[in-house]
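Okay, so the sequence shown: first residue is 1 according to this note's numbering, each after it adds one.
Working notes, structure below.
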Amino acid sequence: MKIPLLYIDTDTQTARLESEGVELGRYRISTGAAGTGNEPGSFKTPIGLHRVAEKLGDGAPLGAVFRNRAPTGEVWTADPENPLAFTGEDLVLTRILWLAGLEPENAGTFDRFIYLHGTNHEERLGQPASHGCIRFANADIVDLFVRLPVGALVDIR
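Structure, rendered in structure tokens:
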């Protein structure tokens, strides 16, 4: 089987994983609340063709918290006993697939730190709510992490 391709549809807030024309998975996502665009500092989700440049978090627990791409040792859960359960902060959780742009317009994507990652705001999936990254349910990002190797293409439209 060929390397899968991930299609990100910012209009429907869905992602579709395909290989050789066969759909392997469909996911609800959340892209940039500010819309789409490739400008640095815009908090917009970049559009166009990208590749998975780096993968971080292999083996981390579901809900593992990352800051500056490094695990903190904290684990987010919705349990009211968890001190992170009610944080207003938008956390990067579980796994990170760091994107790099492949077109002149989106060449700065890697330097903008645009990721596919898990979120503590799964209730917002299906609507634009991120700061430019593409948020997934934590279980879904684990699934994608296994299926998308470094170098896999991600087409954001």
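Backbone N, C-alpha and C define an ideal beta-carbon position, used for all residues, glycine too.
Note that the coordinates shown come from a computational prediction; the quantities given were computed from them, not determined experimentally.
Supposed close pair residue i, residue j - CB separation, criterion 8 Å
i	j	result
L85	H50	In the sequence on display, residue 85 carries Ala and not Leu. The pair is not a contact, with the Cβ atoms about 32 Å apart (cut-off 8 Å).
L6	A152	7 Å
T119	L93	6 Å
G37	E103	The pair is not a contact, with the Cβ atoms about 13 Å apart (cut-off 8 Å).
T31	T12	The pair is not a contact, with the Cβ atoms about 10 Å apart (cut-off 8 Å).
V154	I8	6 Å
Per-residue burial, residue i [other beta carbons within 10 Å of its own, 16 or more giving buried]
i	result
N68	exposed
A70	exposed
D140	buried
V150	exposed
Q127	exposed
R157	exposed
G63	buried
A78	exposed
T109	buried
Nearest-angstrom Cα separation, counted from residue j out to residue i
i	j	result
A53	A129	24 Å
Y115	L56	10 Å
E81	Y27	29 Å
E105	R147	27 Å
L91	V22	32 Å
W170	T10	The chain is shown only over 1 to 157; residue 170 falls outside these bounds and no answer can be derived.
E39	F113	13 Å
L125	I29	5 Å
A107	G35	18 Å
V65	I96	11 Å
I3	I134	20 Å
G88	A33	16 Å
H131	E20	32 Å
D111	T14	24 Å
A60	H117	13 Å
L17	W98	17 Å
Beta-bridge partners of residue i, as assigned by DSSP
i	result
I156	I8 and G48
H131	None, per the DSSP bridge assignment.
G162	Absent from the structure is residue 162, since the part of the chain shown begins at 1 and ends at 157.
H117	I96 and R135
Near the ligand GTP: residue i beta-carbon under 6 Å from a heavy atom
i	result
P61	The ligand GTP is not part of the structure shown, which contains no ligands of any sort.
* Taking only runs of the beta strand (DSSP E) that begin and end inside the region 11-91, which ones reach a length of at least 3 residues, in chain order? -> 14-19, 22-30, 48-56, 64-67 and 70-75
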